[in-house]
Amino acid sequence: MAEGRLYITTPIYYVNDQPHIGHTYTTVLADVLARYHRLFGYEVKFMTGTDEHGQKVQQSALARGLSPQQQCDEYSQRFKEMWSLFEIVYDRFIRTTEEDHKRTVQALLQKLYDQGDIFKHTYTGWYNVSDEMFISESDVTEEGKQSGRIIQVSEENYFFRLSKYQDWLARYINEENPDFIQPESRRNEVLGLLRQPVNDLCISRPKSRLSWGIEMPFDPDYVTYVWVDALINYISGIGWPDSPEFSYWWPDALHLIGKDILKPHGFFWPILLHAAGVGLPKKLLAHGWWTRGGQKEAKTVTKALAAQAPVRHIREMAADYGVGSIRYFLIREMTPGMDQDYSEEMIVTRLNSDLANDLGNLVSRVTKLVRQNFNSQVPAEKDCETDPRGQELIALANGLSDQVRTHAIDLKPNLAVDALIRYVRSLNVYLTECEPWSRVKQGDLGKRQAAFCLVVALKGLYRVAVLLHPVMPRKMEALLASLGCSIEKDGLNGQFLARDFPEAGTTVPGGDPLFPRIDWKAIEQKIQALSPIAPEQPKGKAGNDASLISIDQFRQLDLRVAEVLEAEKVPKADKLLKLKIRIGEEVRQIVAGVAEFYRPEEMIGKKIIVVANLEPAAIRGLESRGMLLAAREGNQLTLLTLENQSIASGSKVS
RNA sequence: GGCGGCGUAGCUCAGACGGUUAGAGCGGGGGUUUCAUAAGCCCUAGGUCAGUGGUUCGAGUCCACUCGCCGCUACCA
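Heads up, the first sequence is in the working numbering, so the first residue is 6 and it goes up one at a time.
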C-alpha cells in the first residue's frame, strides 16, 4: 500500500551551458527527495532533461559547423554523464527535441488557439538578441545598440493572453493554495508581480529569424518560443493529454527550481496550465543560489575573488572528495529556499568533521572492536548485559525513521541529515562512556557489557546507513557492507527500515576507512598551484566583424573632460544623481545612475569624462544633457576620472 | 520610491504561541582517553539577541520609528 505518489521534476537545462554546481544542486536535491520518498513508501517518478530549442543553440551550432541537433545531442549527453557521475537515478530524461514532446506542445498550442487565448499582433520595439527577448524602452542601453546586441524590430507574432488569467492566479495562490509556492518569500514575490499590470506573453518567432523550434500548428511560418516549449516538458513527459500515465501522476507534482526562474514557473506556467484546463502541480519549490563571497557563482568569476580562493568546478571537487561527500555537503549545508555561501575550505571542514571524524571514525572503531574481541561475530542476546543508556539509544535509533521522514517529506533534507549526525555523535559519546575496549578485559560480566554496547552501536549505525542512503547511495552501501549487510546497488527499499539488523552471529567484515580525513593544507597547495586564472575571454561571437566600428564612427562621439560642480540625489530614485557639470565654459545638467556607488559629496570636484553630444533626454522629469562614462563589473562601478587633475575641463578625449 | 524579508557568540545559523542562568555546529583555549581515520570524549565563548522608543508584571520573541543588508519591482541617456 503506497503512502502516496510523487512526481518530482527539475528544470530542463539549456544545452548551451556546461553542468555546474547550480544544476548539480537542483538535480541532487531532486534525487535525494525522490529516494527518501521511495524509501518511505511513496511511488515516485523523477524526471529531468534538457531544453534544446532556441536561437542560442542555433547560433552556437552554426559557429561550430554542426547541425543544431548535433549540438543538442552533445550537450545533452554531458548532462547525462554528469548525473550518472553524481549517482542520480531518474525515471525519465526528457529532451524537447523528442517527437512526443513536440506533439504535446502543438496539441496545447492548438487548444489555446482554438479557444481564443492566442492572438496575432504586430509588435514594434527593442529586441535583445543575446537574451532572445523583447525589452522595454528603459532596458535599452547605448552600449547594447552599438554592439548590435539590441536592435529595433517590427514583426508580427503570436501572443498568449496572460493577463486574462492574472486575477485568477492571484486568488489561487493567495487564498486557495497558500502552500503552492515555497518558500513564502517567493510566494510573496509572485503575488507582487500579479498585482501589477502584465503584458501578454509573446510565444512565437518567425521562422525567417529562428528556425530551430517547434512549428506553430496553425501557422507554418512560425515556431513557438521558450515558454510554450520548455515548460510543457512537465506534462509532455508523462503523456498529456491522453496517456493514462498522465492522470496517474498529475497533479501530485513537485517542481524544483532555482529562484532565478521563479517568474516563468510561478506565473506563466500555472496560467498556461489553467488555460489549457489542466490542474496545477501541488508544489513549486524555489531554492536559492550557491554563492561565493556573497556573489552568485558565474562562469566568469572576478579575478579578485579567484585570486584569494580559486574556484574549482564541482566535478574536480568530487574527484578529490568523492561524489557521495559532495552530495552530502550540498544537502547538509543548504536550507532549501535560502542562498548559501560556500568555499572549498568550508566543504573540507564539514566533511572532515561530520563524515571523517564522527561517522567514518565511529564505523572504524566499532567494526574493529567486534573483529578483535568477538571474532567478527555479532554477539547473541544471551551474551549481552544490557544497560539503560544503550536501550535508550536503540529506541532513539528506531525513532530516527519518523524524524527523517517528517523532514524529508517537508522538503527539508538538511534537517534530516542533521538529526542523523547528531545521533552518530551520541553513539560516539556512548562508546566513550561504556569503554568496551576496557570492559572486554574485565571478566565475563565486562565482556557481556561490552557485547551489548557494540550491538547498540551496530544497530544504530545500520539505521543511520539506511536513512542516509538517499544522500550518499554508494557510500552507504559500502557502510552497510562493512556491517555485514549485503545490498545491491540502489537496492535499498522500505524493507530495510523494518529490519532489525544485525542479527546475532552476523559476520562484520569491516573495511577500509569510509571517509578518509582530507588534508586541507595539501588540497590548498594543489589549488594554488593550478594555472593562474586565465584572463576573461571576450564573449563576442567569433569573427563577428559587425561589432567593429570605423575611426570615423568613433569620431562622431564628442568625449570631453568635465568637472563636477554640484551633485545631489534625485528624490524617489535609488540610483540617480543629478549633477551640474562644467565643460569648458559651459555648465549643464546631467542625470547619472551612479548613486549606489558614489555619494553626492564625493562627486563634487571630480574631473570625469562625458559624452557631450548625446541628445538630451528627460529622466525622472529632469533634463539630462550628456552621459558620464564609468566602468562596471558585476556590482562594482567606478567612474572614469582623470589621473592628471590639471587638465582643463572641456578638453577633448580621443 | 513601492512591496517583501533579514540583522542572535570569531564564522555558519537554530530559537521568537512573550516568562527561570539565550542555544547548536565549526574555529579558538584548557583537559582527558587510546577501541578508532593525530579521530573520540569533557570543560570553556560570558554574546548591548542592529539601535531607539513603546505595549506588558515580564520582550531576541508584540508594536512604532531609525540604521544597515538582501530579494522582486520602478528608475538608471
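C-beta: ideal position from N, C-alpha, C; glycine also.
Beta-bridge analysis with DSSP links Val228 to Arg210 and Glu220. Asn162 is bridged by DSSP to His126. Straight through space, the alpha carbons of Val460 and Gln377 are spaced by roughly 15 Å. Residue burial is scored here from C-beta neighbours: Arg427 has fewer than 16 other C-beta atoms within 10 angstroms and is therefore classed as exposed. With fewer than 16 neighbouring CB atoms inside 10 Å of its own CB, Pro202 falls in the exposed class. In this structure, Leu582 is the residue among Leu582, Lys480 and Gln75 with its C-alpha nearest to the C-alpha of Glu571.
Trp245 sits away from Gly59, with the two beta carbons spaced by 9 Å or more.
Per DSSP, the unbroken alpha helix (DSSP H) holding His42 starts and ends at Ile26 to Leu44. Of the residues Lys494, Val33, Leu236 and Asp205, the one whose Cα lies closest to the Cα of Phe124 is Asp205.
When DSSP states are grouped into helix, strand and coil, Thr340 belongs to the coil group. For Ile532, the enclosing alpha helix (DSSP H) covers residues Trp525 to Gln533. Exclusion of the five residues before and after Lys452 leaves Val445 as the residues of its chain whose Cβ lies within less than 6 Å of its Cβ. Here Val422 is buried. Its C-beta has 16 or more other C-beta atoms within 10 Å.
For Phe84, the enclosing alpha helix (DSSP H) covers residues Pro73 to Leu90.
Gln530 counts as exposed, since fewer than 16 other beta carbons sit within 10 angstroms of its beta carbon. Annotation: Leu634 to Ala280 spans about 47 Å, alpha carbon to alpha carbon. Apart from the 5 residues on each side of it in sequence, Asp105 sits with its Cβ closer than 8 Å to the Cβ of Ser241 and Gly244 in its chain, given in chain order.
Between Gly329 and Gly46, the gap from beta carbon to beta carbon reaches 9 Å or more.
Classified as exposed, Leu450 has fewer than 16 neighbouring CB atoms from the shown chains inside 10 Å of its CB. DSSP places Pro418 within a helical segment (H, G or I) once states are collapsed to three. Under DSSP, Leu236 shares a beta bridge with no residue. Scanning its chain for C-beta atoms nearer than 7 Å, with the 5 sequence neighbours on each side dropped, one finds around Trp254 the residues Arg10, Tyr12, Lys50 and Ile243, in chain order.
Beta-bridge partners of Arg10 (DSSP): Glu48. When C-alpha distances from Val316 are compared across Glu508, Glu349, Glu250 and Ala235, the shortest belongs to Glu349.
Going by DSSP, Trp442 is part of the alpha helix (DSSP H) stretching over Pro441 to Arg444. Residue range Glu189 to Arg200 is occupied by the alpha helix (DSSP H) that includes Arg200, with no beta strand (DSSP E) assigned at that position. Lys611: not part of any beta strand (DSSP E); DSSP gives it neither H nor E.
Shown here, Lys116 sits in a helix according to DSSP, grouped into three states. Where Ala66 is concerned, the enclosing alpha helix (DSSP H) starts and stops at Gln60 to Ala68. Residue ranges of uninterrupted alpha helix (DSSP H) with 4 or more members, entirely inside the stretch 355-397 and ordered along the chain, are 366-378. Distance between Ile156 and Gly130, taken at the CA atoms: about 8 Å. Contact annotation: Arg108 and Ile17 have beta-carbon atoms that are not nearer than 9 Å. In this structure Val409 is in contact with Leu472, their Cβ atoms being roughly 5 Å apart against a cut-off of 8 Å. Residue burial is scored here from C-beta neighbours: Lys612 has at least 16 other C-beta atoms within 10 angstroms and is therefore classed as buried.
Residue burial is scored here from C-beta neighbours: Gln23 has fewer than 16 other C-beta atoms within 10 angstroms and is therefore classed as exposed. Across the set Arg214, Gly365, Ala600 and Ala324, the C-alpha of Gly365 shows the shortest separation from the C-alpha of Leu485.
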